[in-house]
Every structure is written in structure tokens, then in C-alpha cells.
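In my numbering, the protein residues as written are 53 to 193.
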């Protein structure tokens, strides 16, 4: 493992993903079993979120070099995205899913299909107004 320090590599990835600039972090329940939502519903909501964040310039794509050997680590400019996204298997609600939570607001959403996800993106992430009819809990960090 000559060349780049492993910590420096992770710091470069974090910088490229704009982790230090993020204003919000969206967690989407994409369950491996259909316990809380119809099969595939979480995956469809996740794909819609990814597509819209990219279209609106709200996320930073992962560095193209991710996975290359440490010695090939190039300089990577900081990402410009303001929204991080994470796909999770379970958010422990297990009912009326897919479930989505937006931090640091701590806004929990239920029944998030592509149409609801579109509203979360445009109304909450862009305009700063939660989509109240789909909110079931609020616990800011």
C-alpha cells in the first residue's frame, strides 16, 4: 500500500462527495423484503431521488477513480452538491413504507412513491417546506 495514505484517500472521497458542504441528508428505506412496502417501491423511490438530485445539481457524483489502487489517487475537486443520499435496508418503522427521513430536520415520511419523492425534492429539499400530509414524525438533530 505504497503511495497514498488510506486516510487521505477517504478524505479525498469525502471532499469529492461534498460531505463537508451538505445541508441535508436523505435516507431512503429500500427493503430487501416486502415487509413494509410493495416489492420494488423503495427502489423506485430511490432511483427517482438519484435522478432528480442529479438533474437539479443537488448532489455530487462519486469520484470516477473510486476503486482504483491507492497509488493512482488523483487530485479531485470538491463536490458542489448540497444533498447527500443513503439507501438503507430498514428504518425500523416497518409499516406504511417506503419510509424516508431527511436530516438534520429529522422529518420522517411515510408511503414515499415516486410522486411523493418528487414533492419531497421540490418542496422540502429545494423550497424548505416539508410535505406535511406525508410526515408522521419530526425529531431534528
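Where a beta carbon is used, it is the ideal one built from N, C-alpha and C, also for glycine.
- Counting other Cβ atoms within 10 Å of its Cβ, residue 72 stays below 16 and is therefore classed as exposed.
- Residue 107 and residue 97 have their C-alpha atoms spaced approximately 15 Å apart.
- In the DSSP assignment, residue 105 falls within the unbroken alpha helix (DSSP H) covering 93 to 107.
- Apart from sequence neighbours up to five positions away, the residues of its chain that approach residue 142 with a beta-carbon distance below 7 Å are 81, 83, ordered along the chain.
- Considering only 165, 112, 135, the residue with the shortest C-alpha distance to residue 156 is 135.
- Residue 78 carries a strand assignment under DSSP once its states are collapsed to helix, strand and coil.
- Between the alpha carbons of residue 104 and residue 179 lies a gap of roughly 14 Å.
- When the beta-carbon positions are compared, residue 150 and residue 94 come within less than 7 Å of each other.
- Burial is judged here by how many other beta carbons sit within 10 angstroms of a residue's own beta carbon; residue 193 has fewer than 16 and is exposed.
- For residue 75, same chain residues with a beta-carbon under 6 Å away, outside a window of 5 residues either side, are 134 in chain order.
- When secondary structure is reduced to three states using DSSP, residue 179 falls in the coil class, being assigned neither helix nor strand.
- Here the alpha carbons of residue 61 and residue 147 stand approximately 39 Å from one another.
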